[in-house]
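A quick write-up on the structure given underneath.
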Amino acid sequence: MAWIFLFAAGLFEILWALGLKLSEGFTRPIPAIGTIAAIALSMGFMAVSLKTIPMGTAYAVWTGIGAVGTALLGMILFGEPRAALRIFCIALIIAGIAGLKLTSN
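Residues 1 to 105, numbered by our numbering, are exactly what the sequence shown covers, in order.
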């Protein structure tokens, strides 16, 4: 169950990163409120997962999910570069997340 909470924390990290972009420096109220809510949920789910998953593993997976998701959304929604090397690097992050999961409790 802790891994499900950690995955949810990572998804909310993606949402708050997206919210930071959409809130335009917290000048747009609705995205700003959504960003703050996503931060709280991300931290809350992360805290619950830390009851079971080792801290270093949890943090690396959490930030990895956020980094991959945010990079992919940047490419899809904001036309950020889609260079092969960039996609390869994202794949390396995914491999690292999978490796941490496979070598943890």
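For each residue, glycine too, the CB sits at the ideal point set by N, CA and C.
I'd like to know whether the C-beta atoms of residue i and residue j end up nearer to each other than 8 Å.
i: ARG28; j: LEU20; result: no
i: ALA2; j: SER49; result: yes
i: ILE93; j: ALA67; result: yes
i: LEU100; j: THR57; result: yes
i: ILE97; j: VAL61; result: yes
i: LEU77; j: ILE14; result: no
i: GLY10; j: ILE65; result: yes
Pull up the distance between the alpha-carbon of residue i and that of residue j, whole angstroms please.
i: LEU18; j: ALA91; result: 20 Å
i: ALA38; j: ALA47; result: 14 Å
i: LEU102; j: ALA95; result: 10 Å
i: ALA8; j: PRO31; result: 19 Å
i: PHE45; j: LEU6; result: 6 Å
Ignoring anything shorter than 4 residues, give me the alpha helix (DSSP H) runs that lie fully in the stretch 3-86, in order along the chain. Entirely contained in the stretch 3-86, the alpha helix (DSSP H) runs reaching 4 residues are, in chain order, 29-49 and 55-78.
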